[in-house]
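K.L.:
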Amino acid sequence: MSAIRRIRSVFGDNYVPGSRRAKRTPRVNRPDRPKMIAWAGPAAFYQTRWSERNAWYKARIEYPELLPKMYVIEPTNYYKTLEERLNENKNISSLDIGFSKLKIEASEHKNKSEELEKAARKNELLIDLKQVEDDNISIGQHFNVYSDLFVPGAYFHNVQSFKVSYGSSDARTGNVITVQDMLEAPVVKIESPKDGKGYNSLVMVNLDGNMLEGELTEGGYQQMAHWVIGNVADGSAVSDGDVVVPYLPPTPYHGSGYHRIAFVLFRHQEKLDFSSFTLQSSRFEERLFSTNRFLKTFEEKMTPSSLRFCQAEWDQNVDNILHEQGLKSPRFWYQWNKPVVRKQKEFPLKVRTFDKYLDQYRPPEEVVNSVYREWLEKRVHEGEVKKPQFPDIFYADNRKKLQAWQHRQLIDRNLGKGPYARLYHDFQNPAFQKDQVSST
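Quick note on numbering: the sequence shown equals residues 275 to 714 in the numbering used here.
Structure representation (structure tokens):
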């Protein structure tokens with residue numbers, strides 16, 4: 275029988291004299307090495323573990339915990355091919371309900387392009403922003419402004435220039451303007467044609483402010499009218515027109531996100547009778563307005579000529595506006611799904627602090643009430659709740675005196691982290707806050 279060949283280390287040839295590294299791998303004989311048995315914790319020896327007939331093996335082995343699958347999406351049911359996506363757009367028929375777009379002759383454009391190119395290379399090209407074409411269709415379709423104003427597929431070009439100004443802020447194409455700046459009626463300047471013998475009508479609606487009704491039977495949706503001015507003669511101020519609906523600042527409700535405020539300008543050649551759309555009372559419900567029905571009523575004499583829209587979100591002025599109307603200010607909260615929590619164990623495998631581990635199994639209302647109770651105590655004794663300047667000004671001392679979980683809880687409280695965010699932020703934007711304990 276041949277002798278057993280000793281396995282040499284792969285680094286044996288690179289041995290450095292005087293070093294403490296071994297020249298070969300050591301050999302350890304363990305003839306009496308004990309057998310290792312998986313330890314399942316003291317729960318393995320509870321009397322309740324032996325209640326079933328086939329539970330004899332449960333002293334060492336447990337059934338795996340089955341958790342519900344999350345975000346399971348079957349591609350065959352949700353994903354569509356490129357051909358199917360292209361056919362969807364073909365099914366929606368496009369309908370131009372406005373004036374025809376001005377066209378520039380190709381020869382004139384070609385002659386000017388060479389001169390403009392030379393000026394651009396020398397940095398001598400000056401562009402008149404008033405003459406730049408406003409690509410409002412793609413932006414309006416992106417925000418679904420046309421479909422929510424009229425019907426799906428409808429659109430029109432901006433052929434008439436007009437400006438809506440709230441102080442230093444102008445309504446353009448989806449920019450954000452605060453309700454504080456929109457408390458007063460805007461300053462509107464409308465372009466007048468050369469002949470100057472026509473009339474203009476302005477409609478200001480909130481596309482996301484209607485909570486009372488849904489889709490109409492004849493198509494289209496109802497919006498909340500905030501300002502409607504009719505029969506504004508060319509060259510005249512908007513204040514000289516007929517007030518169909520008096521001005522009311524936008525009211526984006528608390529927690530409902532950004533609301534689209536649209537300004538639609540209509541063009542007509544003669545005075546129109548808007549008595550059927552005049553506000554009969556000051557009730558908030560009377561401001562329900564259908565832009566699609568408004569256009570259909572006068573479609574033979576009136577045509578949309580331009581569009582401007584902005585976005586606004588809730589602030590404290592919205593509550594004041596609704597209270598002046600005799601209404602309560604609604605609150606919208608995001609309803610989060612119930613978190614998936616593993617079965618509670620005496621000795622969990624994942625090492626976590628016991629305070630956060632036990633908070634997972636407490637009712638969320640109990641955790642929230644404990645934070646509000648602390649907020650109320652500070653409000654009563656200190657007069658106000660201010661966020662500390664530093665997370666822990668006595669960090670070195672508290673790290674020695676307090677337990678690790680108590681010290682981290684103190685830092686989270688001073689930072690307003692996790693459930694302690696209610697101490698300082700008071701959930702001004704509830705759509706982006708969770709009403710559950712953070713798992714981090």
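Where a beta carbon is used, it is the ideal one built from N, C-alpha and C, also for glycine.
Considering only C-alpha positions, which residue in the set A586, F621 and H655 is nearest to D455?
P.N.:
Minimum Cα distance to D455 is reached at A586.
K.L.:
Mind checking which residues open and close the alpha helix (DSSP H) that includes V592?
P.N.:
Where V592 is concerned, the enclosing alpha helix (DSSP H) stretches over Q590 to E598.
K.L.:
Starting from P638 and walking both ways along the alpha helix (DSSP H), at which residues does that stretch end?
P.N.:
Note, P638: alpha helix (DSSP H), P638 to E656.
K.L.:
Considering only the beta carbon of each residue, do R582 and F551 sit closer than 8 Å?
P.N.:
Cβ distance not < 8 Å, so R582 and F551 don't count as in contact.
K.L.:
By a C-beta neighbour count over all protein chains shown, 10 Å radius and 16 as the cutoff for buried, is W758 buried or exposed?
P.N.:
This structure cannot speak to residue 758, because the chain is shown only from 275 to 714.
K.L.:
Go ahead and pull the three-state DSSP assignment for K674.
P.N.:
The answer is helix: DSSP assigns K674 an H, G or I state.
K.L.:
Along the beta strand (DSSP E) that carries L539, what are the first and last residues, could you check?
P.N.:
From DSSP, the beta strand (DSSP E) with L539 extends over H533 to H542.
K.L.:
Check each candidate in K468, G472, K437 and G448 and name the one with the smallest Cα separation from P460.
P.N.:
Of K468, G472, K437 and G448, the residue nearest in Cα terms is K437.
K.L.:
Indicate whether Q496 and S556 have their beta-carbon atoms separated by less than 8 Å.
P.N.:
No, the pair does not count as a contact, with Cβ atoms beyond the cut-off.
K.L.:
Count the other CB atoms within 10 Å of the CB of H533; is the residue buried (16 or more) or exposed (fewer)?
P.N.:
When all chains shown are included, H533 counts as buried.
K.L.:
Can you tell me which of the three DSSP states K392 falls into?
P.N.:
DSSP places K392 in helix when its eight states are reduced to three.
K.L.:
Using the C-alpha atoms, what's the distance from Y527 back to L697?
P.N.:
Distance between the alpha carbons of L697 and Y527: 23 Å.
K.L.:
What's the gap between the Cα of W603 and the Cα of N594?
P.N.:
Looking at the sequence provided, one finds Ser at residue 603 rather than Trp. About 9 Å.
K.L.:
Assuming V479 contacts A499 (C-beta within less than 8 Å), just tell me the rounded distance between them.
P.N.:
5 Å between Cβ atoms; contact.
K.L.:
Leaving out the 5 sequence neighbours to the left and right, which residues in its chain are closer than 6 Å to S510 when beta-carbon positions are compared?
P.N.:
Nothing meets the Cβ criterion.
K.L.:
Under a Cβ-count criterion, where at least 16 other Cβ atoms within 10 Å of its own Cβ denotes burial, should M485 be classed as buried or exposed?
P.N.:
The residue in question, M485, is exposed, as its Cβ has fewer than 16 Cβ neighbours within 10 Å.
K.L.:
With 16 as the cutoff for other CB atoms within 10 Å, does F548 come out buried or exposed?
P.N.:
It counts as buried.
K.L.:
Note down the Cα distance separating N643 from I503, rounded to an integer number of angstroms.
P.N.:
If I take the Cα positions, the gap works out to 50 Å.
K.L.:
Let me make sure I understand the geometry here. Which of Q680, N566, E574 and S530 has the alpha-carbon closest to that of L546?
P.N.:
For the residues Q680, N566, E574 and S530, the minimum Cα distance to L546 belongs to E574.
K.L.:
R561: buried (16+ other C-beta within 10 angstroms of its C-beta) or exposed?
P.N.:
With 16 or more other Cβ atoms within 10 Å, it is buried.
K.L.:
Look up T571 in the DSSP assignment and say whether it is helix, strand or coil.
P.N.:
Residue state, collapsed to three classes: helix.
K.L.:
By a C-beta neighbour count over all protein chains shown, 10 Å radius and 16 as the cutoff for buried, is Q434 buried or exposed?
P.N.:
Classification of Q434: buried, given that the 10 Å Cβ count is 16 or more.
K.L.:
Can you tell me where the beta strand (DSSP E) with D516 in it begins and where it stops?
P.N.:
D516 to V519 is the extent of the beta strand (DSSP E) around D516.
K.L.:
Output needed for L369: all residues of its chain with C-beta closer than 7 Å, excluding positions within five of it in sequence on either side, in chain order.
P.N.:
So the list reads G427 and A428, once near-sequence residues are dropped.
K.L.:
Taking the alpha-carbon positions, what's the Y653 to L539 distance?
P.N.:
Looking at the sequence provided, one finds Arg at residue 653 rather than Tyr. Answer to the nearest angstrom: the Cα atoms are 51 Å apart.
K.L.:
Would R616 be called buried (16 or more neighbouring beta carbons within 10 Å of its own) or exposed?
P.N.:
So R616 counts as exposed.
K.L.:
Mind reading off the beta-carbon distance from D629 to Q590? Whole number of angstroms is fine, and I expect it under 8 Å.
P.N.:
With 8 Å as the limit, D629 and Q590 do not qualify as a contact, their Cβ atoms being about 36 Å apart.
K.L.:
Using the C-alpha atoms, what's the distance from E458 back to Y440?
P.N.:
Spanning the two alpha carbons is a distance of roughly 8 Å.
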